[in-house]
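I have placed the structure first, in the form of C-alpha cells, so that the comments after it can refer back to it.
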Amino acid sequence: MTVLPETRKETVKGWKILLTHGSPEAVDEALTDDTPQERLRDLAKKAHANVVLCGHSHQSFMRFAGGAIFVNPGSVGRPFDGDPRASYAIISIKKRKFEVDFFRIEYDVDLAARNQLSAGLPSTYAEMTRKGLSLENLNPTKKEVASSEEAEIEPVNKDLKPVITENKARQNRIKQVASPKSSPEAMVDESIEITRETIHPSGPVKKARTRREKTQDG
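Okay, so the sequence shown: first residue is 37 according to this note's numbering, each after it adds one.
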C-alpha cells in the first residue's frame, strides 16, 4: 500500500476522473452527503477534474458542486450510515452521461463480527460492524476504541470466512445519472441534470426524483 499514489487521474470518454481515498486535498478527509456545499466547491477547484471518486467516510453518495461530480461508493465492510449491508457502486461512462448504480447487499454480518472478536479486536469493532455505525455515532462520548485486552473473545471456527452472498429479496439498487448538455466540460457553464431512483430486483421503481442543479450550485 505504501507504493500507491495518494491520488490518481484517468480520462475516460472525455471525463477527467480523480481517484482519492479521502478528498482532493487530504487522504484522511471524510466527505459525506452532509459535507457543506461550499467545501465541495472549494475541493472541486483543486481537483481539476469532472469527477472525484472518493472513500474513507464509508458512506455512499453522489453530489454535484463547482462543476464536478463527487461519488463515494460506500464500504463493503463496516459502512457508517446505519445500514450494515455491503455497499458498492458500478459506474457507466458515456460521452454525455455519467451513470452510477449504488448497491446494498446482504452478507453474514454476525460472522464477520465474531471473526473480529476471535482475532482479538476490541468488541467495539464488532458492534460497529453489526450496526453499520462509526465509532462517533455508536458512542459519541467515547474518544478512543477500547484496547485489545478488553475485547470479548467468543469461540468461532477460524476456517469460516465472511462471505458476501446475493439475497435478491433484500438487495437495493439506487441509480443516479448526471447528464451535461453537451460535454463534461460544459458542466462548468451550463446546468446539469441529476436523476436519482431506487430500483428493486423485481424491476419496478420505488421512488424517482429529478432535480436540476446549476453549476454555480444555485
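The beta-carbon is built from N, C-alpha and C at its ideal position, and this holds for glycine as well.
Checklist entry - Got a sec? Which residues, its chain only, sit under 6 Å from ALA162 by beta carbon, not counting five neighbours each side? => result Position 126 of the sequence shown, counted from the first residue, corresponds to residue 162. ALA149, GLN152, LEU153.
Checklist entry - Whose CA, out of VAL48, LEU174, SER170, VAL213, lies closest to the CA of SER111? => result Numbered from 1 along the sequence shown, position 75 holds the residue referred to as residue 111. The residue with the shortest Cα to Cα distance from SER111 is SER170.
Next on the checklist: Restricting to Cα atoms, I'd like to know which of ILE127, GLN212, ARG121, THR71 is closest to LYS49.
Outcome noted: Counting from 1 along the sequence shown, the entry for residue 49 is found at position 13. Minimum Cα distance to LYS49 is reached at ILE127.
Checklist entry - For GLY168 versus PHE116, is the C-beta distance shorter than 8 Å? => result Working through the sequence shown from its first residue, we reach residue 168 at position 132. Working through the sequence shown from its first residue, we reach residue 116 at position 80. A contact, by the Cβ cut-off of 8 Å.
Item to check | As assigned by DSSP and simplified to three states, the class of ASP146 | outcome: Here residue 146 corresponds to residue number 110 of the sequence shown, with the count starting at 1. Here ASP146 sits in helix by DSSP.
Checklist entry - Out of SER159, GLN212, ASP146, GLU172, which has the shortest C-alpha to C-alpha gap to ILE129? => result Within the sequence shown, numbered from 1, the residue matching residue 129 stands at position 93. Ranked by Cα distance from ILE129, the first of SER159, GLN212, ASP146, GLU172 is GLN212.
Item to check | beta strand (DSSP E) segment containing ASN108, residue limits | outcome: In the sequence shown, the residue the question calls residue 108 occupies position 72. Segment 104 to 108, the beta strand (DSSP E) holding ASN108.
Item to check | Rounded C-alpha distance that separates GLU135 from VAL39 | outcome: On the sequence shown, position 99 is the one that residue 135 refers to. On the sequence shown, position 3 is the one that residue 39 refers to. Going from the Cα of GLU135 to the Cα of VAL39 covers about 31 Å.
Item to check | Same chain, Cβ closer than 6 Å to ASP69, neighbours up to 5 away in sequence not counted | outcome: As a first step, residue 69 is located in the sequence shown; it is residue number 33 there, counting from the start. So the qualifying residues of the chain are PHE97.
Next on the checklist: Quick check on PRO220: buried or exposed, where buried means 16 or more other Cβ atoms within 10 Å of its Cβ?
Outcome noted: As a first step, residue 220 must be located in the sequence shown, where it is residue number 184. Under this definition PRO220 is a buried residue.
Checklist entry - Excluding the five sequence neighbours on either side, which residues of its own chain have a C-beta within less than 6 Å of the C-beta of ARG44, listed in chain order? => result Mapped onto the sequence shown, residue 44 falls at position 8. Hits under 6 Å: LEU55.
Checklist entry - In terms of DSSP beta bridges, what is PHE137 paired with? => result Within the sequence shown, the letter at position 101 stands for residue 137. The question names Phe, yet the displayed sequence has Asp at residue 137. Beta-bridge pairing links ASP137 to ILE126, LYS211.
Item to check | Where LYS82 falls: helix, strand or coil (DSSP) | outcome: Here residue 82 refers to the residue found at position 46 of the sequence shown. In the structure shown, LYS82 sits in a helix (DSSP, three-state: H, G or I).
Next on the checklist: By the three-class DSSP mapping on this structure, what secondary structure does THR160 have?
Outcome noted: As a first step, residue 160 must be located in the sequence shown, where it is residue number 124. Note: THR160 maps to helix in three-state DSSP.
Checklist entry - How many angstroms separate the CA atom of ALA85 from the CA atom of SER159? => result Along the sequence shown, one-based indexing puts residue 85 at 49. Along the sequence shown, one-based indexing puts residue 159 at 123. If you take the alpha carbons of ALA85 and SER159, they lie about 41 Å apart.
Checklist entry - By DSSP, does GLU46 sit in helix, in strand, or in coil? => result Within the sequence shown, the letter at position 10 stands for residue 46. GLU46 falls in the strand class under three-state DSSP.
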